[in-house]
Amino acid sequence: WSDYKLRWDPAEFDNVTSIRVPSEMIWIPDIVLYNNGEFAVTHMTKAHLFWDGRVQWVPPAIYKSSCSIDVTFFPFDQQNCKMKFGSWTYDKAKIDLENMDHHVDLKDYWESGEWAIINAIGTYNSKKYDCCSEIYPDITFCFVIRRLPLFYTINLIVPCLLISCLTVLVFYLPSDCGEKITLCISVLLSLTVFLLLITEIIPSTSLVIPLIGEYLLFTMIFVTLSIIITVFVLNVH
17 WSDYKLRWDP AEFDNVTSIR VPSEMIWIPD IVLYNNGEFA VTHMTKAHLF
67 WDGRVQWVPP AIYKSSCSID VTFFPFDQQN CKMKFGSWTY DKAKIDLENM
117 DHHVDLKDYW ESGEWAIINA IGTYNSKKYD CCSEIYPDIT FCFVIRRLPL
167 FYTINLIVPC LLISCLTVLV FYLPSDCGEK ITLCISVLLS LTVFLLLITE
217 IIPSTSLVIP LIGEYLLFTM IFVTLSIIIT VFVLNVH
């Protein structure tokens, strides 16, 4: 941005065309993340001042943003998250934002072992809120991220399928075998452990039920019925 109060003539100051000063000593825009999970995230680094009044301030910051997610197809889910940046007190007449590039620069992005960024774009918006009569601009970045399912497939889905298949073996055991109930209860306890593990991994939400959770519940009901049938068969035998 430009601040006319910070101009000077380089000829009067040994041809100094730029300086760096603490950002606390000059005016800086109050650009914040609207859907921020935390607030004290920006490091107050020095600002770069030029002789013609231009000010360049690039503070490093770590933002934790809130995002509504849909875990229906966990762990093969894809999420759409938004980060909305704008001034908290200045309207469009005083501060206007400019989106330099529609796509987010991912050159310095470190790949995650759990998520992959499919798309990341930024859009400029102007909105009038109910509290105020002025129009406030903002730049909203939309991230489309996809979960990498390999870890959960090997450590969660495949063991669940194998344990579920053991339930069928109960009906192949001889009627006089005393291990029929033991096998059913062992399978039921194993599925319960996996269900508790899923509840710890997946964020708490009552909007949707993940398909893998429905599968485990259905399998637990099936195992419970097999226990009841096995007890009846043993009593009859």
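In my numbering, the protein residues as written are 17 to 253.
Cβ coordinates follow ideal geometry from the N, Cα and C atoms, glycine included.
From a predicted model like this one, the values you see are computed outputs, not experimental measurements.
Practice task
Drop a sphere of 10 angstroms on the beta-carbon of proline 38, count the other beta-carbons inside from all chains shown, and report buried for 16 or more, exposed for fewer.
Solution key: Residue environment analysis places proline 38 among the exposed positions, since fewer than 16 neighbouring C-beta atoms fall within 10 angstroms of its C-beta.
Exercise for the section: Could you pull out every residue in the same chain whose Cβ sits closer than 8 Å to the Cβ of glycine 69, ignoring the five residues on either side in sequence? Expected result: Ser18, Asp19, Tyr20, Lys21, Leu22 and Arg23
Exercise for the section: Answer with buried or exposed for alanine 63, where buried requires no fewer than 16 other C-beta atoms within 10 angstroms of its C-beta. Expected result: With 16 or more other Cβ atoms within 10 Å, it is buried.
Exercise for the section: Please confirm whether leucine 199 and methionine 236 have their CB atoms less than 8 Å apart. Expected result: no
Exercise for the section: Give the C-beta separation of lysine 100 and leucine 49 to the nearest angstrom, bearing in mind that I take them to be a contact with Cβ-Cβ under 8 Å. Expected result: 7 Å
Handout entry: Host alpha helix (DSSP H) of tyrosine 231 (start-end)
Key = Run containing tyrosine 231: 227-252, per the alpha helix (DSSP H) assignment.
Problem - Simplified DSSP state of glycine 140, which is helix, strand or coil - result: Inspection of the sequence shows that residue 140 is occupied by tyrosine rather than by glycine. Three-state DSSP puts tyrosine 140 in a strand.
Exercise for the section: From the DSSP output, read off the bridge partner residues of isoleucine 152. Expected result: Checking the sequence shown, residue 152 turns out to be tyrosine, not isoleucine. DSSP lists Lys143 as partners of tyrosine 152.
Practice task
Determine the DSSP secondary structure at proline 175, reduced to helix, strand or coil.
Solution key: helix
Practice task
Could you have a look at methionine 99 and say whether DSSP puts it in helix, strand or coil?
Solution key: strand
Exercise for the section: Measure the CB-CB distance between serine 81 and glycine 53 and report whether it falls below 8 Å. Expected result: yes
Exercise for the section: Can you give me the start and stop residues for the alpha helix (DSSP H) that valine 74 sits inside? Expected result: Where valine 74 is concerned, there is no enclosing alpha helix (DSSP H), given that its DSSP letter is neither H nor E.
Exercise for the section: Would you mind giving the Cβ-Cβ distance between valine 203 and threonine 183, rounded to the nearest angstrom? I have them listed as a contact below 8 Å. Expected result: Distance from valine 203 to threonine 183 at the Cβ level is roughly 5 Å; contact confirmed, criterion being Cβ atoms closer than 8 Å.
Problem - leucine 233 versus phenylalanine 210: straight-line alpha-carbon distance, rounded - result: 11 Å
Handout entry: Where cysteine 158 sits in the DSSP three-state scheme
Key = strand
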